[in-house]
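Heads up, the thing below is written out as structure tokens.
Chains as they are written, first to last, in the numbering used here: chain A, 2 to 292; chain B, 489 to 828; chain C, -10 to 234.
In structure tokens:
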């Protein structure tokens, strides 16, 4: 009895910590897909790119992966802004985002993955940091730092984004982009510029998410695929474009997956996210917190 | 009427292709040819949904793998001749396509695309955890070296008596096909079927209906087009053809693993080929599949399989940006330019 | 004795907390030309969408040609004889002008007849419709090559191709010049003379007054006036709604 209670409470803790990390992975998609309506299915590919950059710098210079990711933010921001510019010129402006825009991102996802395979092979890569390994114990409760640190970093990222979107001019303009393009023009902001900034921010978050990913687990190029479903499941479940909704949905999915892994075995875990996604799409497309 | 003529012509072309390949008489031609033909079927199937109605399916690999795993299941449960397995694979994938359509029917296009991706992973997880068909370890399918065309089941079909077999005995060497040629022939037939269906749809009322869904669903409904039902028709046909393409695959590959059957390269190729060839007509996927398929066969031998996948990905990205209507669009633009 | 062609009773529609339509009652008799006006956001387009089945109303019923059509999908209503044009033209962009008209013929007229029209009959009907809206020489072009007014005409022709009993024309004249507006009004009156009942939703008062035999006014989701056009526009409540803006 006592044993199964331990198992239960630790499954919940593991789920919450995992969920926090999932939030970091999804926040960018909540901006690009939820707010800008750009279906960037290549998002996980950028995350893996972030993981590999953290891996290279960490093994060469021994710098902390999270610090690396923060230094990399501007680079990823400009990468994102550049991708948006191509997307806008080639698809959005011509009204072809549905078929060709989607295929574009799909191609991007695939090209990134294959390039990483060509350069690094399919071996698993990992990083070194002081918090990988030790655990905090509180009674029967177990907090592996390898999970706790990413979770805290993810929540910090969420707080920063939420403050940015609510309290800065550009942030509010980004929120307005989805609802009212006219109001945006009256504010004197070009919707294209605002969308470019927003997409840049969305990709910038992948630098952090990538570093957190490689802290949590060893990474190889095709790991990103598992996250496509998770990311969109969380984004839809959380109600498109709502950052707090995203965090709550991420925690829920984390707990669900942790339970599945604990009680049914880890090989079933990938199906959980997709199952949740399919069911949400079929029965509650507005998301958990939606109308 | 004209569909029938088209069918006859393509059967003739297929016969020529087969005879040509027999003349070269090199096993590699059949091995490589099988893969190219398989991509013709997949690309055409993808295009019936993606190109005609505008709904992007990222889960082609899943429909393909379902067909393949249906074969693995029957191989262990009760071995059947491959033509039957093709029908079964088509039925299984067609039904899943229909179910997929029902689940996502009322969603915007992007959600449909994401849901197909999700479906692929759910199905893969199911297969990985299903020990009967080999689980994550995979399953071996031992195929014979050759197949007598007057095999037991043909004998059964045409009610040939054993004593009659003795009569045709001297000619039997002409009636025995190396197995790979047999598979090639089957896939050739599937390609003919897929192309005929695609072309038939294009010129029918159904084709108009699909085009209106791609252009504007609201206006389509207002014009009397039952968009929901047509979308189900498209997901079913498309899924079924993909399943049919997958059904002979275990016999071709000999050893089927979830990661090879559900490989992302099937999803990427079945999107890239129509996109590169052109999505508005049946010719596009055919051109795309022949070009990209052959290119990959050559690149796999001469460079490496990772590089050829990179080429496919880069071509896909380049084409959607530079030539939105694919090679067909380029040719049309070119002839129109010359006409002026 | 024949009832009205279209009968809407107690129709309400809300979006979240916002009440877009609040208990609308209206009837349209067979052969009538009715104008529907109201300030921006008064719920005109929402009403059209509820009547045609694009949106689902929470309460109330829509009866068409003597039968309730609630719960029917848009294409089923179109097949019963209800056609509409859209506020912003929504042509099928990858089909030629002639093929745009072919779609309702294939999917609505064929369904109603219970048999397929012959290719020759299809071509003849397309040609006739194109002539009706003076687009014959554009038959093989794509919609993107059309001018604004031609696009509006295509929109009306496509609605007409379904051979409707009732045509709901949603702002078919916005953004057109005066002579173009006259052109469209004349076209609509011509269609009405062929026996088609028409509901016109419009902002351009000159066109509405010229066209309508009866005028219905919608303000904030409520019907505030319904009657002869000259009388309705002098109604103090209508004047207030328009001047109050």
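Using N, Cα and C, we set each Cβ at its ideal position, and we do this for glycine too.
Taking residue 229 of chain A as the centre and dropping the five residues before and after it, the same chain places the C-beta of 42, 45 closer than 7 Å to its C-beta, in chain order. For residue 590 of chain B, not one C-beta of chain C is nearer than 8 Å to its own C-beta.
Looking at the DSSP output, residue 137 of chain A sits in a beta bridge with A:144. Residue pairing by DSSP puts residue 628 of chain B in a beta bridge opposite B:743. Cβ atoms of residue 706 of chain B and residue 91 of chain C stay farther apart than 8 Å, at about 18 Å. Of the residues C:0, C:-7, C:-8, C:-5, the one whose Cα lies closest to the Cα of residue 212 of chain C is C:0.
With fewer than 16 other Cβ atoms from the protein chains shown falling within 10 Å of its own Cβ, residue 513 of chain B counts as exposed.
As a beta-bridge residue in DSSP terms, residue 26 of chain C pairs with C:206. The residues 74, 77, 78, 81, in chain order, have a CB closer than 7 Å to that of residue 205 of chain A in the same chain once the five nearest residues on each side in sequence are set aside.
In chain order, 68 place their CB closer than 6 Å to the CB of residue 100 of chain C, counting only its own chain and leaving out the 5 sequence neighbours on each side. Taking C-beta separations shorter than 8 Å and ignoring five residues to either side along the sequence, the partners of residue 163 of chain A in its chain run 244, 245, following chain order.
Classified as buried, residue 715 of chain B has 16 or more neighbouring CB atoms from the shown chains inside 10 Å of its CB. Inclusion of residue 75 of chain C and residue 699 of chain B in the CB contact set at 8 Å is not warranted, their separation being larger than that value. Not flagged as an interface residue toward chain C: residue 691 of chain B, since no C-beta distance is shorter than 8 Å. By the C-beta density criterion, residue 172 of chain A is buried, having at least 16 other C-beta atoms within 10 angstroms.
Annotation: the continuous beta strand (DSSP E) that includes residue -4 of chain C extends over -5 to 4. The Cβ of residue 87 of chain C sits no closer than 8 Å to any Cβ of chain B.
Within the same chain, and ignoring the five residues on either side of residue 671 of chain B in sequence, the residues whose Cβ sits closer than 7 Å to its Cβ are 522, 736, 739, 740.
By the Cβ-count criterion, residue 201 of chain C is buried, with 16 or more other Cβ atoms from all chains shown falling within 10 Å of its own Cβ.
Between residue 805 of chain B and chain A, the shortest Cβ-Cβ separation is below 8 Å. Chain order gives the chain C residues near residue 699 of chain B as 81, 83, 84, where near means a beta carbon separation below 7 Å. The beta-carbon of residue 779 of chain B is placed no less than 8 Å from the nearest beta-carbon of chain A. Straight-line measurement puts the Cα of residue 549 of chain B at about 28 Å from the Cα of residue 93 of chain A.
One finds 542, 544, 597, 598 in chain B with Cβ atoms closer than 8 Å to the Cβ of residue 99 of chain A, taken in chain order. The alpha carbon of residue 138 of chain A has as its nearest neighbour, out of A:275, A:266, A:11, A:272, the alpha carbon of A:11.
Note that the C-beta distance between residue 190 of chain C and residue 226 of chain C is not below 8 Å. Legend: CB atoms of the segment 708 to 731 of chain B lying less than 8 Å from CB atoms of chain C belong to residues 708, 709, 710, 711, 712, 713, 714, 715, 716. Leaving aside the five residues that flank residue 708 of chain B on each side, the residues in its chain whose CB is nearer than 6 Å to its CB run, in chain order, 700, 701, 715.
Chain C has a Cβ within less than 8 Å of the Cβ of residue 706 of chain B.
Leaving aside the five residues that flank residue 38 of chain C on each side, the residues in its chain whose CB is nearer than 6 Å to its CB run, in chain order, 44. Interface annotation, residue 29 of chain A: not in contact with chain B, CB-CB separation never under 8 Å. Of the residues assessed, residue 20 of chain A falls on the buried side of the cut-off, its CB having 16 or more other CB atoms within 10 angstroms. Under a 10 Å Cβ-count criterion, residue 247 of chain A is classified as buried, with 16 or more other Cβ atoms of the shown protein chains found around its own Cβ. Residues are counted here when their Cβ sits less than 9 Å from a Cβ of chain A; for the segment 745 to 757 of chain B these are 752, 753, 755, 756, given in chain order. Here residue 8 of chain C is bridged, per DSSP, to C:3. Residues of the segment 261 to 285 of chain A with a Cβ closer than 7 Å to any Cβ of chain B, in chain order: 268, 269, 271, 272, 275, 276, 278, 279, 282, 283.
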